[in-house]
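Have a look at the structure below, then the notes.
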Amino acid sequence: MVQAQYGYITGKVYDRFGPIANAPVYIQDSPYGSFTNDQGYFAFEIDTGYYQLVVELTGYAKEVRNIELNNLERKELDLELSNNLLDANVSIGTKSIESQKLMEAPVPIDLILGEDLLNTGEVELGPALHQILPNFYSVKQSADDGVNMIDPVSLRGLGPDQLLVLINGKRRHKSAFLNVSDVFGKGTAGPDLNAIPILSIEKIEILRDGASSQYGSDAIAGVMNIILKE
């Protein structure tokens, strides 16, 4: 009778700040999968062979390790994940110099990935940002004129014309519509964010503090830099 041959795969998942709990860890093309514990540890008892171990967690780069496991062998892995947000390059807030890491930016910058927008289930950019950002406002208005077509937006409670929108670092023109209805944004001509397809967006950088000192009076509320996919 041939005895089954097996081994052990154990490891720890962490980032620059420490262990990551509840990170999904699985063996590619197999039924084996688990989550890390509170200390970031995981363990598998599995037949000998060649495997791909995968750690895939939202907000982090996917980590893949190729493993050859022999009989009664114990493989111990250290898996440091790279944070997609903190390691991403940002350009707004650093107007006079090259883009830099979000972690190293001299001012606070919000970074929203395209997948975050898609996960809201919204089909237009304004409502998607309304769900994600607590200080961003975009709601369908009901009036007799063009307000039905262009939703006024607000960042930090300020008017639509005080938010500067950039596309790949270049100024996005304001809409030609002047809001004269008795609804939010009356007397302003803001950007039409819903004209930008969510599927075309790679990420959005939002600078709030100190934006007007770098970009002028039309950036009192902040600057939104929309980076499109190549």
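Throughout the sequence shown, residue numbering follows the numbering used here, covering 36 to 265 in sequence.
The beta carbon of each residue, even a glycine, is placed where N, CA and C say it ideally should be.
Just so we're clear, the structure is a prediction, and the values are computed from it rather than from any experiment.
Own chain, CB closer than 6 Å to L92, minus 5 neighbours either side, in chain order: A58
What are the start and end residues of the alpha helix (DSSP H) that includes G154? Before going on, a small fix: residue 154 reads as Asn here, not Gly. For N154, the enclosing alpha helix (DSSP H) stretches over residues 149-154.
Quick check on this structure: which residue in V60, V99, E237, V200 has the alpha carbon closest to the alpha carbon of M148? Note on identity: in this sequence residue 148 is Leu, with Met being the wrong assignment. Ranking V60, V99, E237, V200 by Cα distance to L148 puts E237 first.
Could you tell me whether the stretch 99-117 touches the stretch 160-170, where touching means 3 or more Cβ pairs closer than 8 Å? no
Hey, quick one: how far does the beta strand (DSSP E) through A78 stretch, first residue to last? 76-82
Going straight from the alpha carbon of T83 to that of D113, what length do you get? Rounded to the nearest angstrom, the two C-alpha atoms are 20 Å apart.
Could you tell me which residues DSSP pairs with I236 in its beta bridges? L263
Would L234 pass as a contact of G257 if the rule is Cβ separation under 8 Å? Taking 8 Å as the Cβ cut-off, L234 and G257 do not qualify as a contacting pair.
Please report the residue range of the alpha helix (DSSP H) in which P169 lies. Run containing P169: none; DSSP gives neither H nor E here.
Using CA coordinates, which residue listed in Y43, L199, E150, K264 is at the minimum distance from D227? The option with the nearest alpha carbon to D227 is L199.
Exposed or buried, which one is Y85 when buried takes at least 16 other CB atoms within 10 Å? It is exposed - the Cβ of Y85 has fewer than 16 other Cβ atoms within 10 Å.
Assuming S252 is part of the beta strand (DSSP E), what are its boundary residues? Element bounds for S252: n/a, residue is neither H nor E.
Less than 8 Å between the CB atoms is what I'm expecting for I81 and Y67, so what's the real figure, rounded? Sure, about 6 Å apart at Cβ, within 8 Å.
Of the listed residues Q63, Y49, F70, H208, nearest to A96 (C-alpha basis): Y49
Short Cβ contact (8 Å threshold) for E240 with L164: No, the Cβ-Cβ distance between E240 and L164 is not below 8 Å.
Taking the alpha carbon of D64 as the point to measure from, which residue in Y76, F52, L88 has its own alpha carbon closest? L88
What does DSSP give as the partner residue(s) for R100 in the beta ladder? L88
Would you mind working out which of Y76, G75, Y61 sits nearest S69, comparing C-alpha positions? Y61
Determine the extent of the beta strand (DSSP E) in which T45 is found, giving its start and end residues. T45 -> beta strand (DSSP E) spans 41-50.
Thinking C-alpha only, which one of V158, L193, R191, E265 is nearest I10? The question about residue 10 has no answer here: the residues shown for the chain are numbered 36 through 265.
According to the neighbour-count rule (16 or more other Cβ atoms, all chains shown, within 10 Å of its Cβ), is G156 buried or exposed? exposed
Over what stretch of residues does the beta strand (DSSP E) that includes P269 continue unbroken? The structure shown has nothing for residue 269, since the chain only spans 36 to 265.
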